[in-house]
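First the structure, in the form of structure tokens, and then the observations on it.
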Amino acid sequence: MEVKPIVSFTTVADETPDGLRVDLMTTDFGLEELHLIVSQKVIERALEVFPGFEIPEAPIVLASYEEDSRTLKTFPIKTGFNQEFLKPKYSKLRSITVEDVYAPGDHETGQSYNLEDLPSGFVRDPRFGFGLNYDIRLIALSIEKIVGVNELLISKQKGLSKDGNTLRMSRGVFGKIRTTMGRLHRSTLAFANSRKSDYIDLTLTAMLDPKHEADEDARDIASDLGELLAQKLVGKSKTEDMARRSAIKRVRSSVKTIAEKEPEELLELRREIETVTLEELIERMEKKIRQKSLTEHDWQAFLTNNSFVLGLAFGVPAVVFEEQVSVGGTKLDGSGGKLADYVVKAGLFGNLAIIEIKTPFADLVDKKAYRGELHAPTRELAGAVNQVLDQRYRLQMEIKSKKIDSREYDVFTYAVQCLVIAGTIPESEPERKSLELFRNNLRDVMIITFDELLAKLKALLAFFKEPPKAADPHRAELF
94 MEVKPIVSFT TVADETPDGL RVDLMTTDFG LEELHLIVSQ KVIERALEVF PGFEIPEAPI
154 VLASYEEDSR TLKTFPIKTG FNQEFLKPKY SKLRSITVED VYAPGDHETG QSYNLEDLPS
214 GFVRDPRFGF GLNYDIRLIA LSIEKIVGVN ELLISKQKGL SKDGNTLRMS RGVFGKIRTT
274 MGRLHRSTLA FANSRKSDYI DLTLTAMLDP KHEADEDARD IASDLGELLA QKLVGKSKTE
334 DMARRSAIKR VRSSVKTIAE KEPEELLELR REIETVTLEE LIERMEKKIR QKSLTEHDWQ
394 AFLTNNSFVL GLAFGVPAVV FEEQVSVGGT KLDGSGGKLA DYVVKAGLFG NLAIIEIKTP
454 FADLVDKKAY RGELHAPTRE LAGAVNQVLD QRYRLQMEIK SKKIDSREYD VFTYAVQCLV
514 IAGTIPESEP ERKSLELFRN NLRDVMIITF DELLAKLKAL LAFFKEPPKA ADPHRAELF
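Structure follows, in structure tokens:
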């Protein structure tokens with residue numbers, strides 16, 4: 094007797110005033126699909142209002158998930174009620190696939206559907222048709238300019254490559270493009286607003302005081318705005334840019350001479366550069382800690398770009414060896430198995446360490462006391478601790494084959510350190526006490542909070558800002 098597959102349907106997003114709802118189809122063979130259900134009333138209205146509207150074939154598949162490969166394939170469409178209703182969101186790009194994500198039907202989060210694993214910048218509400226957020230739509234438009242490409246794959250593999258009609262892009266590359274676009278957009282707006290404000294100020298001043306001579310550049314600001322903006326983004330002028338580069342080259346070429354003749358000046362210059370860099374980093378980190386919208390991937394990207402912060406966490410020199418390292422697969426580049434957020438070389442012996450990253454808003458201890466004034470660690474924190482321990486076990490078991498397959502021989506797992514970066518220091522004294530008791534009695538895992546990392550940065554900044562003490566000549570004579 095033939096056994097038929099079990100297929101079930103659940104409404105995971107209730108019908109909107111626009112007559113759209115989302116159903117989740119689950120099967121017993123590892124396939125899940127999100128279907129967009131359009132009410133008959135809306136279909137009839139679209140046929141009446143929009144000439145040429147074609148009723149799409151049912152079901153309208155928004156996304157499909159394969160459990161074996163842990164990939165989610167989305168089919169972006171336009172769900173706004175206009176002439177483009179239910180048409181593909183992009184002219185050529187037909188699908189966007191993301192590797193290494195949880196199933197939409199994973200209910201551990203307490204939601205009716207789970208799409209939190211999608212990278213930042215993705216539309217996560219299926220009722221809006223998936224795709225990329227409007228502010229980074231240019232990524233999709235640029236991809237469509239590549240001949241023959243109609244699918245984007247956000248891969249756990251590194252780099253960027255073209256495979257047939259698919260453009261394969263790593264999460265890191267996608268994140269870097271997205272954040273750079275945001276930075277350029279903010280810089281452009283700030284510059285444009287500043288110039289507009291200058292123009293208004295000068296215009297009003299000239300009208301109120303006819304004797305006032307307005308700046309010629311300000312009078313013709315509209316025609317020169319493009320050139321001025323370019324100068325703002327790359328330097329005020331080519332002359333100034335060349336002067337800066339020339340100055341840097343002179344300092345670099347004279348470092349040895351300066352170190353011999355003016356060592357104190359060189360140290361002071363280095364101190365000033367490091368101070369300015371640290372101040373800017375601290376300011377950015379303070380802002381990020383307050384942003385609830387940032388995901389674990391966002392924090393991973395931030396720490397990747399500022400990897401010396403990880404060294405502060407360990408208290409020894411540490412360099413990022415790999416991001417998203419597979420600790421249960423065959424290679425160190427992430428091809429299969431469980432993924433560790435970071436594997437770093439800590440200290441001077443090439444000994445590896447594993448880091449698990451949560452967010453500053455991760456709860457560390459339960460709000461409700463376990464007994465008296467004692468609070469138990471949260472499930473998320475306890476899970477993170479067990480996760481890094483399991484990752485360490487797998488890494489130590491397979492390090493020899495990984496080193497051979499990946500041709501990386503100067504790494505070791507003699508004593509793998511485990512670090513969890515999560516949450517912030519609890520506010521109440523009983524909660525702080527409970528956290529201290531828990532983390533200080535862990536034998537192999539160190540837990541550090543984001544505000545503690547920030548405090549380490551501030552302490553380092555205070556050290557740089559402290560003026561160097563003059564050498565004691567009497568003390569020098571003793572040695």
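Numbering (the numbering used here), first residue to last: 94 to 572.
Even glycine gets a Cβ: it sits at the ideal position worked out from N, Cα and C.
Find out if the Cβ-Cβ distance for the pair residue i, residue j is shorter than 7 Å.
i, j, result
"T172", "F221", "yes"
"P98", "T120", "yes"
"L165", "N243", "no"
"L127", "V115", "yes"
"G224", "L117", "no"
"D391", "S184", "no"
"D544", "C511", "no"
"V509", "L445", "yes"
"K255", "E192", "no"
"M274", "I229", "yes"
"L253", "V240", "no"
"T296", "F557", "no"
"L129", "I148", "no"
"A477", "V513", "yes"
"Y158", "A196", "yes"
Whole angstroms are fine: how far does the CA of residue j sit from the CA of residue i?
i, j, result
"T506", "I170", "48 Å"
"I189", "I247", "8 Å"
"Q393", "I450", "7 Å"
"R271", "R487", "33 Å"
"A151", "N207", "23 Å"
"P181", "E376", "41 Å"
"G112", "V142", "15 Å"
"Q480", "H278", "38 Å"
"P470", "F531", "7 Å"
"R288", "D294", "10 Å"
"V135", "T370", "56 Å"
"S400", "K549", "14 Å"
"S290", "E160", "55 Å"
Is residue i helix, strand or coil when you go by DSSP?
i, result
"I239", "coil"
"D391", "helix"
"L260", "strand"
"F557", "helix"
"E177", "coil"
"G429", "Confidence at G429 is low in this model, with a pLDDT of 46, below 50, so its placement is unreliable and the value that follows should be read with caution. Coil, per DSSP."
"P149", "coil"
"Y463", "coil"
"S132", "coil"
"A139", "helix"
"F221", "helix"
"F267", "helix"
"L113", "strand"
"F401", "helix"
"E491", "helix"
"Y585", "What is shown of the chain runs 94 to 572, which leaves residue 585 out entirely."
"S527", "helix"
"K451", "coil"
"Q204", "Below a pLDDT of 50, predicted positions are generally treated as unreliable, and Q204, at 48, falls in that range; no measurement from the model is reported."
"K255", "strand"
"A508", "strand"
Whole-angstrom Cβ separation of residue i and residue j, contact assumed at under 8 Å?
i, j, result
"F168", "L155", "6 Å"
"I581", "Q484", "Not covered by the structure: residue 581. The range shown for the chain is 94 to 572."
"I382", "P453", "5 Å"
"G516", "A455", "4 Å"
"L396", "L387", "Not quite, the Cβ-Cβ distance comes to about 12 Å (not below 8 Å), so this is no contact."
Return no unless some Cβ of chain C is closer than 7 Å to the Cβ of residue i.
i, result
"I270", "Of the chains in the structure shown, none is chain C; there is only one protein chain."
Exercise for the section: Tell me, please, whether the region 520–533 touches the region 448–466 by the rule of three or more beta-carbon pairs shorter than 8 Å. Expected result: yes
Exercise for the section: Evaluate the contact criterion for the region 258–270 versus the region 288–303: three or more CB pairs, one atom per stretch, below 8 Å. Expected result: no
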